[in-house]
Amino acid sequence: LLYNKDGNSVDENGYIDMLKDLKKHSFMSMKFATKSFSPPKYSHCKQRHSTDVWKDVLKSDRVHWIVRQISRKEGKSEEETFKEAEVILKELAYTDHMSILRTFAFLLIQIQSSIYQDGVFVNVQEVENIREMVKHHPIVFMPSHRSYMDFLMMSLVCFYLDLPLPAIAAGMDFMSMKVIGSMLRASGAFFMRRSFGSDQMYWALFTEYVHTILINGDRPMEFFIEGTRSRVGKSLNPKFGLLSVISEPYLKAQTYDVVIVPVSISYDRMLEERLYAYELLGVPKPKESTSGLYKASSILQDNYGSVHVHFGQCLSLREYFGHLDRAVHACYPRYMLRLSSQEEKHMKLLGYKILQKQQENAMCSLWSVVALVLSTHPAGISLHHLISEVQWIKSIAVKLNFRIYWPPGTLKETVQKCLFQFKHIVSVLQQKSKKKINNKLQMLDPVIQENAAQYIMIANYRNQLLHYLIRPALLAFVLHKHSIPGEINTFTKDLCLEDFTFLSKLLRKDFIFVPDKSKEDLEEAILFFSEMVVLSSDGTTYTLAGHSHRVLRFLRTVINPFLIAYWLTSQFLISSEAPLYLPKCY
66 LLYNKDGNSV DENGYIDMLK DLKKHSFMSM KFATKSFSPP KYSHCKQRHS TDVWKDVLKS
126 DRVHWIVRQI SRKEGKSEEE TFKEAEVILK ELAYTDHMSI LRTFAFLLIQ IQSSIYQDGV
186 FVNVQEVENI REMVKHHPIV FMPSHRSYMD FLMMSLVCFY LDLPLPAIAA GMDFMSMKVI
246 GSMLRASGAF FMRRSFGSDQ MYWALFTEYV HTILINGDRP MEFFIEGTRS RVGKSLNPKF
306 GLLSVISEPY LKAQTYDVVI VPVSISYDRM LEERLYAYEL LGVPKPKEST SGLYKASSIL
366 QDNYGSVHVH FGQCLSLREY FGHLDRAVHA CYPRYMLRLS SQEEKHMKLL GYKILQKQQE
426 NAMCSLWSVV ALVLSTHPAG ISLHHLISEV QWIKSIAVKL NFRIYWPPGT LKETVQKCLF
486 QFKHIVSVLQ QKSKKKINNK LQMLDPVIQE NAAQYIMIAN YRNQLLHYLI RPALLAFVLH
546 KHSIPGEINT FTKDLCLEDF TFLSKLLRKD FIFVPDKSKE DLEEAILFFS EMVVLSSDGT
606 TYTLAGHSHR VLRFLRTVIN PFLIAYWLTS QFLISSEAPL YLPKCY
């Protein structure tokens, strides 16, 4: 077996380097692609071909009901409407072709061993638990989403660990890619529209297709709770549509349980780093195509460091929703979902909980720490000062158990190696030993500074760390507002809560804040400062320590760009004389 479950290759953090393990074998790619694959199966699964899945969907009560509704509404025969439904399902459905899957695995493992030269690390503590869960419950993998590589990585890791390959909810954009689209479909991808709008037929077919796979347990499901790739290096707020779809079978007692597995995928360096920077500067996203992929193949010659894939602790919907009364759904047909207000509330909280688990298990890289320091010194910083600042942040991170991978070697050596790896973004100049942002790229718009894309790339890598710092940073602004220089400053929670709540609501689209949890967030920020010995307490009031200036200034500097952006936007809107057309959500 390539994966040794006895843990001979597992490091002290519980990770196994998938590529290192594979490189022990000659003809690595071929051996990997042709290895035996015998994943555990759901005990209640009725074996069927992938074409039978969508055929069973057509026979379902939900689809018959929606076909009758649409036929009456549009004046068509039910037979004609069923044919339209069949076309949609054929377009939507995945297929099973093990030979194509193995070919895909052969190509992917070659690519990954080429670009991820420092390894692909997978935590194996939870794998045996997942393997056991697969036998008894429908499983839903929910990975973080930072790159197109995510769903390829998930399938490859599952293949390596002998876990069942998931049915992946992929965007319709990939379907039109010649060869690649067919290979993705044969590997378990089913293609969904980006937006269903008011298309009742499509919504019903998609929902029933997911339910059919989930209830029968043909494959685990996989979808991204964020809905789309994050272009900014930090988590996006959750989307609840698909979460409701996968929760419905449990809420309507069609399954005993549904188990969600949050997965955190962390990259040292993003394949799309430059693409994201240009998109954020207004350059349209290129359409997904096989020719475009071929043209971009030059990026595969670089070293993209390492990847960490972390399977989180399983979340049981039975345990999470167990206190709710599911009997209310017995009053109407199962195919008519009507979530109660309590179910809707807990559904939203579940989405945020999954995202928080992804953040907790994400493995930040040394480069994220370096980028954090560089972003606070846009004019440049000496190499000695940079290493000193990284060392200071490391002392905080180790003390507060931030999940950051510190490579072996001295900090000076690893920071210098890091700067060399990202030499396309930063330059180390001999004169005065100053670091500067690389400004060799020429922007499409002459009005934009030449180095704007590099600053955005630095910011995106910095953002990977901010979920650890956002709450303390907001409290740092609140404390700064209420502090008087040169005096002993004391505070109460009530004094801080109003301003803290205002700032968290202001930034709710930029960071993950669970609704109506400002008090808990404030408590978390206070705990951060207490452990940093920035605040001391007598039980009711908090006193700011005299040596707190460096920590508070650093935190304010980190979060300043976000607040300045809102301030500039507000100033523009106030001064603008043109009519404004704002989205309904505002």
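With the sequence shown counted from 1, adding 65 to any position gets you my numbering.
For each residue, glycine too, the CB sits at the ideal point set by N, CA and C.
Just so we're clear, the structure is a prediction, and the values are computed from it rather than from any experiment.
Spatial neighbours of residue i within its chain, please: CB distance less than 6 Å, with the 5 preceding and 5 following residues excluded, ordered by chain position.
| i | result |
| --- | --- |
| residue 350 | 344 |
| residue 116 | none |
| residue 191 | 376 |
| residue 368 | 182 |
| residue 591 | none |
| residue 372 | 181, 185, 332 |
Just the C-alpha distance for residue i and residue j, rounded to the nearest angstrom, thanks.
| i | j | result |
| --- | --- | --- |
| residue 224 | residue 122 | 28 Å |
| residue 227 | residue 105 | 8 Å |
| residue 477 | residue 452 | 6 Å |
| residue 352 | residue 530 | 30 Å |
| residue 397 | residue 167 | 45 Å |
| residue 608 | residue 556 | 6 Å |
| residue 434 | residue 472 | 12 Å |
| residue 574 | residue 210 | 17 Å |
| residue 160 | residue 250 | 6 Å |
| residue 432 | residue 475 | 15 Å |
| residue 494 | residue 528 | 26 Å |
| residue 163 | residue 252 | 8 Å |
| residue 19 | residue 421 | Nothing about residue 19 can be read from this structure; the chain reaches only from 66 to 651. |
| residue 20 | residue 281 | No statement about residue 20 is possible, as the shown extent of the chain runs from 66 to 651 and does not include it. |
| residue 77 | residue 89 | 20 Å |
Using CA atoms only, rank isn't needed, just tell me which of the options is closest to residue i.
| i | options | result |
| --- | --- | --- |
| residue 518 | 489, 387, 540, 546 | 489 |
| residue 290 | 266, 208, 243, 347 | 208 |
| residue 130 | 586, 406, 266 | 266 |
| residue 85 | 422, 178, 563 | 178 |
| residue 169 | 342, 94, 233 | 94 |
| residue 616 | 460, 573, 286 | 460 |
| residue 229 | 166, 274, 140, 103 | 103 |
| residue 408 | 632, 388, 245, 334 | 388 |
| residue 327 | 484, 579, 219 | 219 |
| residue 347 | 534, 146, 521 | 521 |
| residue 202 | 285, 263, 140, 470 | 285 |
| residue 382 | 553, 325, 156, 238 | 325 |
| residue 256 | 236, 244, 581 | 236 |
| residue 154 | 440, 294, 271 | 271 |
Just mark residue i as buried or exposed, buried being the case when its beta carbon has 16 or more other beta carbons within 10 Å.
| i | result |
| --- | --- |
| residue 536 | buried |
| residue 119 | buried |
| residue 526 | buried |
| residue 99 | exposed |
| residue 444 | exposed |
| residue 378 | exposed |
| residue 318 | exposed |
| residue 631 | exposed |
| residue 567 | exposed |
| residue 298 | buried |
| residue 559 | exposed |
| residue 403 | exposed |
Skipping 5 residues on each side, what residues in its chain have a beta carbon closer than 8 Å to that of residue i?
| i | result |
| --- | --- |
| residue 595 | 601, 602 |
| residue 247 | 165 |
| residue 365 | 176, 179, 180 |
| residue 268 | 261 |
Might you give, ordered along the chain, the residues of its own chain that have their beta carbon closer than 7 Å to the beta carbon of residue i, omitting 5 neighbours on each side?
| i | result |
| --- | --- |
| residue 415 | 308, 385 |
| residue 394 | 316, 317 |
Assuming residue i contacts residue j under a Cβ cut-off of 8 Å, what Cβ separation, rounded to an integer in Å, is found between them?
| i | j | result |
| --- | --- | --- |
| residue 623 | residue 538 | 6 Å |
| residue 313 | residue 125 | The Cβ separation is near 13 Å, so there is no contact. |
| residue 221 | residue 173 | 5 Å |
| residue 82 | residue 185 | 7 Å |
Can you determine whether any heavy atom of the ligand HEM sits closer than 6 Å to the C-beta of residue i, and answer yes or no?
| i | result |
| --- | --- |
| residue 155 | The ligand content of the structure shown is nil, which means the ligand HEM is not present either. |
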